[in-house]
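Student: There's a structure below that I have some questions on.
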Amino acid sequence: ATVDTSTVGGHVSWAEALEADTTAPAAVVLEVREPSGPDVPAAVRAVLDQVLSAIQQWLHDERFTSSRLVVVTRGATPAGSAVDVVQAPVWGLVRA
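Below, the structure is given as structure tokens:
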């Protein structure tokens with residue numbers, strides 16, 4: 003299953019990602035989407051808030067105890083191109 007942080011209100015609904023009558027998949031991918039707009043500090047705060055909220059919800063949902071959460075960022079670490087300053091803090095948050 004794949005979920006992204008661009009959901010309504012910026013909050014992930016794990017209930018919607020996993021229908022009530024199905025078992026949790028081995029892995030769920032959380033795609034980190036960057037909010038639009040020129041205000042970089044506000045974008046960093048928004049993305050970190052969305053990801054932290056998603057991880058906290060994930061940890062509190064017992065249906066996912068045997069699943070892995072895969073957090074996908076773009077440009078968070080140097081890999082041939084410039085680092086995305088909005089996504090880089092997400093990498094640090096998830097590693098913590």
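Heads up, the sequence shown is in the working numbering, so the first residue is 3 and it goes up one at a time.
Every residue, glycine too, gets a C-beta built ideally from N, C-alpha and C.
This one's a predicted model, so the numbers in the text were calculated from it and none came from an experiment.
(1) So, at 6 Å on beta carbons, what are the nonlocal neighbours of PRO37 in its own chain, with the 5 sequence-adjacent residues on each side left out?
(2) Taking the straight line between their C-alpha atoms, what separation do you get for VAL96 and THR75?
(3) Please classify PRO91: does DSSP put it in a helix, a strand, or coil?
(4) DSSP state of ARG35, grouped into three classes?
(5) I need the straight-line Cα distance from GLY39 to GLN89, nearest angstrom please.
(6) Does the Cβ of VAL72 have 16 or more other Cβ atoms within 10 Å, making it buried, or fewer, making it exposed?
(7) Secondary structure at VAL85, three-state DSSP: helix, strand or coil?
(8) Near SER8, which residues of its chain fall below 6 Å by C-beta distance, leaving aside the five closest residues on each side in sequence?
Tutor: Let's see:
(1) ALA45 and ALA48
(2) 11 Å
(3) In the structure shown, PRO91 sits in a helix (DSSP, three-state: H, G or I).
(4) coil
(5) 14 Å
(6) exposed
(7) coil
(8) Low local confidence applies: a pLDDT of 48 at SER8 is under 50, so the model's placement there is unreliable, with the coordinate-based value given in what follows. Here SER8 has ARG35 as same chain residues with Cβ atoms under 6 Å from its own Cβ, once five neighbours each way along the sequence are excluded.
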